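In the working numbering, the protein residues as written are 86 to 157.
What follows is a single structure, written as structure tokens, with notes after it.
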Amino acid sequence: METLDFAFYLRKLTGDLLSSYIVGNGKIDLKLDLEQIYLEMDTAVPLGIIVNELVSNSLKHAFPRERKEKSA
């Protein structure tokens, strides 16, 4: 079964999410304390979806009046 470097994936995912939102003064500093771990895809995909939702909702609701999504 195929595995994924989940720490690398989380860094990429959260970086992409932060760059897709304009929040407040734009100075959000997300610090990740991750150990390198390889997960099988059937575990990594659901965990990635959960992290995506948690971070997205945090960005949406932490600064409700100031938030704007960047348009692509």
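Each residue gets a CB set at the ideal place from its N, CA and C atoms; glycine is no exception.
Only a predicted model underlies this, so the values are computations on that prediction, with no experimental measurement involved.
Give the straight-line distance between the Cα atoms of residue i and residue j, rounded to the nearest whole angstrom.
i: Leu98; j: Met86; result: 22 Å
i: Ser141; j: Ile122; result: 23 Å
i: Leu132; j: Ile113; result: 23 Å
i: Glu125; j: Val136; result: 16 Å
i: Arg152; j: Phe91; result: Residue confidence for Arg152 is low, a pLDDT of 49 falling below 50, so the modelled location carries little weight; the figure read from the coordinates is stated next. Taking the straight line joining both Cα atoms gives about 28 Å.
i: Asp101; j: Leu89; result: 18 Å
Can you give me the Cβ contacts of residue i inside the same chain, cut-off strictly under 7 Å, excluding the 5 residues immediately before and after it?
i: Val117; result: At residue 117 the sequence reads Leu, which differs from the Val that was named. So the list reads Leu95, Arg96 and Thr99, once near-sequence residues are dropped.
Count the other CB atoms within 10 Å of the CB of residue i; is the residue buried (16 or more) or exposed (fewer)?
i: Phe93; result: exposed
i: Ala129; result: buried
i: Leu139; result: exposed
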